[in-house]
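Report on one structure; see the data block that follows.
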Ligand SMILES: Cc1ncc(COP(=O)(O)O)c(C=O)c1O
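Numbering (this note's numbering), first residue to last: 7 to 399.
As structure tokens, then:
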């Protein structure tokens, strides 16, 4: 199926459906007319195989407490094996109602107030909130960047771990918002530093399926044949790949039995969860049947990315566009063309967009913006043209 056919078949108008992205523009940005390229969800409908599975479950008409169906694990594990060369054991997997929920539980379970928790910035801001909301000490290590590619400053990471006695590192892989898919070498270097200093690693792999360029995603679970798995918690979910965040079904993968027992005890204290029946039904159907739909979706994101890159390279080369290896979130650095202190005014009043702002991800990144490319090309094209127009006026 071509990009146009996919967009025609699955594209939806989300206005007036209580969509956070579309219907909260006035509340969040003070202007309901902006083109929303902010929060990470999409304008594409699930394939019929997924909605049919949900409808069949809804027809049964009962939504009482549930246990998971072995078919769920089989479909999920098969997806991991075929897409990521990752074989899971059933006992490693437990469920939560969202990845951010799990982050809060982990911070509460594995650290005490004032303990140090590290993140690599700029990073998805709930990572920072999970630390500061729980009165832990946030330690940041800023990613280095050379041209449009970001890398980890390993010396800085290790020095700060030692200096602050860091207990937990929350890692984003692939990395939102700068779009890196970390290489096995980078992951091993990071995991070995953490192992050396007894730091628990939480690897948030929710964007694992979005491989936009040629880089292949590698789970922390497969690094060095699982050598670091005793100090590792992996979080992921079907919610980004299949646009089902509000079905509240996410995965907590912990190979080490003691660590898993501790996590479950923490979950009991801090955030008791129930399995989401519709989330499980939808997730299982998606992993089992929606591979082709997903690949076509990625083709749309690729084409949107190519458009932004090519247009800006020719018409506004001073705008830095990060290389989009993974995720569908594109990081633009506008600091050489816009005064960072006026960025909101510029983006909203001159360009007409709702975006995620750089300073949400790092104190050092005011003047950068994050664009969500998992949308109809018409919105991305309009956004780029509006940006180009605003830059010359
Ligand atoms: C890296 C990352 N983790 C977690 C989430 C949200 O996960 P959940 O809705 O399951 O809490 C997002 C959403 O954009 C994300 O980008």
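All C-beta atoms, glycine included, are put in the ideal place defined by N, C-alpha and C.
Here the structure is a predicted model, which means the values were calculated and not measured.
Cβ-heavy atom distance, residue i to ligand 1, below 7 Å
i: residue 364; result: no
i: residue 25; result: no
i: residue 107; result: yes
i: residue 209; result: no
i: residue 213; result: yes
i: residue 285; result: no
i: residue 230; result: no
i: residue 104; result: yes
i: residue 256; result: yes
i: residue 198; result: no
i: residue 225; result: no
i: residue 251; result: yes
i: residue 46; result: yes
i: residue 243; result: yes
Alpha carbon of residue i to alpha carbon of residue j, nearest angstrom
i: residue 339; j: residue 363; result: 10 Å
i: residue 236; j: residue 200; result: 12 Å
i: residue 279; j: residue 117; result: 21 Å
i: residue 272; j: residue 86; result: 27 Å
i: residue 368; j: residue 342; result: 18 Å
i: residue 344; j: residue 285; result: 43 Å
i: residue 291; j: residue 248; result: 10 Å
i: residue 21; j: residue 388; result: 18 Å
i: residue 144; j: residue 365; result: 16 Å
i: residue 302; j: residue 219; result: 14 Å
i: residue 261; j: residue 207; result: 12 Å
Sheet register partners of residue i (DSSP bridge)
i: residue 7; result: DSSP, once it has assigned bridges, lists no residue as partnering residue 7.
i: residue 92; result: Bridge partners of residue 92: none, in fact.
i: residue 124; result: 145 and 175
i: residue 360; result: 42
Buried or exposed by the 16-neighbour rule on C-beta atoms within 10 Å, applied to residue i
i: residue 213; result: buried
i: residue 333; result: buried
i: residue 127; result: buried
i: residue 177; result: buried
Run of the alpha helix (DSSP H) containing residue i, from where it starts to where it stops
i: residue 135; result: 132-138
i: residue 387; result: 383-398
i: residue 194; result: 190-202
i: residue 309; result: 297-321
i: residue 227; result: Note, residue 227: premise wrong, no alpha helix (DSSP H); not H, not E.
N-terminal and C-terminal residue of the beta strand (DSSP E) that residue i is part of
i: residue 150; result: 150-152
i: residue 242; result: 238-242
i: residue 374; result: 374-378
i: residue 66; result: Not the beta strand (DSSP E): residue 66 falls in the alpha helix (DSSP H), residues 54-66.
i: residue 23; result: Element bounds for residue 23: n/a, residue is neither H nor E.
i: residue 347; result: It is not in any beta strand (DSSP E) - residue 347 carries neither H nor E in the DSSP assignment.
i: residue 258; result: 256-259
i: residue 101; result: 99-102
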